[in-house]
Amino acid sequence: MRVLGIETSCDETGVAIYDTDRGLLSDTLYSQIAMHAEFGGVVPELASRDHTRKLLPLIQDVLDRAGLSRQDLDGIAYTAGPGLVGALMVGASTAHGMARALGIPVLGVHHMEGHLLAPMLEDEPPEFPFVALLVSGGHTQLVEVHGLGQYHLLGESVDDAAGEAFDKTAKMLDLAYPGGPEVARLAELGDPQRFRFPRPMTDRPGLDFSFSGLKTHTLTTLNALRDSDQLDAQGRADIARAFEEAVVDTLVIKCRRALDQTGLKRLVVAGGVSANARLRERLGAEVAKRGARAYYPRGRFCTDNGAMIAYVGAQRLLAGEHDSEAMQAVPRWPLDRLTPPAA
């Protein structure tokens with residue numbers, strides 16, 4: 001099957017074409033970061049309007065790059081959730097309209113299942129089963145994966161996601177949006193010995209996360225430096241380094257526990273924060289100690305993209321799944337409610 005994938009869950013418009021025989025044929029991505037940077041975060045209504053403007057031209061672009069026409073498509077997949085409901089509806093309505101006009105099946109895909117399986121697009125994809133760390137602006141989860149739709153939630157954040165904590169810390173430090181990469185760049189200039197921030201929920205058993213307290217500790221440290229007139233450029237860098245070290249250590253500790261608990265030897269790391277260089281370095285060393293291996297999507301597939309939606313949609317469409325006439329837009333949709341394709 002040749003499947004068109006559409007991703008419009010938040011502030012990036014992603015489109016791709018995946019062929020179940022030949023692999024990824026073409027993909028493109030338009031980011032709204034510059035538009036939202038003025039406001040320090042995503043404005044849902046502006047996001048929806050921009051998806052509406054960009055989506056059809058991007059669809060034509062990936063068709064042209066793949067040397068295909070719309071009539072060559074065998075199915076369409078779109079992000080049905082979780083995400084911003086207005087943004088989701090742009091992708092859902094476009095996908096359903098095209099599918100009806102072309103007489104082909106259409107399917108709403110879970111956004112986090114896309115991230116979870118994004119490493120399957122690489123030359124050396126992981127085999128099932130594996131442990132997956134999904135770490136992004138909206139989610140921090142550890143999942144035991146035994147196959148498509150066979151997901152067991154091991155742990156998740158009880159408050160802020162790791163990526164959200166990065167973005168909020170960036171605001172505290174007066175850094176540009178999006179904050180994660182900016183904090184990481186500033187942390188490179190920091191002294192790792194000056195501050196040691198807490199590693200939340202690592203002093204107790206379990207695989208859940210919490211980053212709200214770490215965010216508060218960061219703000220308290222920042223205010224203490226400011227009140228004592230010591231908040232200079234080096235102080236900000238030292239805080240960024242301590243914050244990043246705390247997040248990375250917490251994620252590594254929990255991944256180690258998940259591998260030990262499940263006995264599995266493969267770890268998939270996906271989502272925007274998976275691009276963090278310090279996290280990759282620490283996880284690589286940790287899994288190597290256990291004779292395990294870590295798998296990541298390529299850089300441009302760490303953040304939201306159409307390729308991961310096209311891939312998941314292709315697997316499920318090929319198994320016979322498809323939407324009814326009603327489109328789906330589900331702002332909140334737990335990953336562990338997904339099921340394998342019907343036999």
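Residue numbers (UniProt numbering): 1 to 343. Don't be surprised by glycine CBs; every beta carbon is placed ideally from N, CA and C.
- Short of 7 Å from the beta carbon of Phe-130, and not among the five residues preceding or following it, lie these beta carbons of its own chain, in chain order: Val-145, Leu-264, Arg-266, Leu-267, Val-268.
- In this structure, Gly-163 and Gly-147 do not form a Cβ contact; the two beta carbons are roughly 27 Å apart against a cut-off of 8 Å.
- Ser-136 sits in coil when the DSSP states are folded into three classes, being neither helix nor strand.
- His-322 carries a coil assignment under DSSP once its states are collapsed to helix, strand and coil.
- For Ala-16, DSSP records a beta bridge to Gly-5, Asp-27.
- One thing to note: Val-15 has its Cβ within 8 Å of the Cβ of Leu-58.
- Taking C-beta atoms as the reference points, Ala-161 and Ala-270 fail to come closer than 8 Å.
- Annotation: the continuous alpha helix (DSSP H) that includes Thr-218 extends over 212 to 227.
- Under DSSP, Ala-77 forms a beta bridge with Gly-5, Leu-107.
- When DSSP reads this structure, Tyr-151 sits in a beta bridge with Val-145.
- Within the model, the alpha-carbon separation for Arg-226 versus Arg-236 is close to 10 Å.
- Nearest neighbour of Pro-205 by Cα position, chosen from Ala-184, Arg-256, Ser-212, turns out to be Arg-256.
- Exclusion of the five residues before and after Asn-223 leaves no residue of its chain whose Cβ lies closer than 8 Å to its Cβ.
- Between the C-alpha atoms of Asp-249 and Leu-283 there is a straight-line separation of about 9 Å.
- Cβ-Cβ distances below 8 Å link Ser-69 to Leu-63 in the same chain, with the five nearest sequence neighbours on each side left out; the list follows chain order.
- Note on geometry: alpha-carbon atoms of Tyr-177 and Val-43 lie some 13 Å from one another.
- Its chain contains Gly-81, Pro-82 as the residues whose beta carbon lies nearer than 8 Å to that of Arg-332, once the 5 sequence neighbours on both sides are disregarded; these appear in chain order.
- Here Ala-242 carries a helix assignment [DSSP, helix/strand/coil].
- In the DSSP assignment, Ala-184 falls within the unbroken alpha helix (DSSP H) covering 179 to 187.
- Bounds of the alpha helix (DSSP H) holding Val-90 are 85 to 102.
- Straight across, the Cα-Cα distance linking His-115 with Asp-229 is about 43 Å.
- Bounds of any beta strand (DSSP E) do not take in Ala-118, whose DSSP letter is neither H nor E.
- If you compare the alpha carbons of His-152, Gly-67, Phe-39, His-96 with that of Thr-262, the shortest gap goes to His-152.
- For the pair of segments examined, the region 38 to 57 was found to touch the region 84 to 102: the number of CB pairs separated by less than 8 Å reaches three.
- Here Phe-39 is exposed: its Cβ has fewer than 16 other Cβ atoms, across all protein chains shown, within 10 Å.
- Rounded to whole angstroms, the separation of the alpha carbons of Arg-278 and Gln-150 is 30 Å.
- Cβ atoms of Pro-192 and Glu-245 come within 8 Å of each other, at about 6 Å.
- Residue state for Glu-281 is assigned as helix, using DSSP reduced to three classes.
- Within the same chain, and ignoring the five residues on either side of Pro-198 in sequence, the residues whose Cβ sits closer than 8 Å to its Cβ are Gly-213, Leu-214, His-217, Ala-246.
- In the DSSP annotation of this structure, the continuous segment of the beta strand (DSSP E) that includes Leu-267 starts and ends at 266 to 270.
- For Cys-302, the closest alpha carbon among the candidates Asp-50, Gly-67, Val-273 is that of Val-273.
- In the DSSP assignment, Ala-294 falls within the beta strand (DSSP E) that extends over 293 to 295.
- Comparing alpha-carbon positions, the option among Met-35, Ile-104, Leu-4 lying closest to Leu-55 turns out to be Leu-4.
- A straight-line Cα-Cα distance of about 36 Å links Asp-167 and Ala-66.
- Annotation for Gln-32: Asp-11, Glu-12, Thr-13, Val-42, Leu-46, Ala-47, Asp-50 place their beta carbon closer than 8 Å to its own, counting only its chain and skipping 5 residues before and after.
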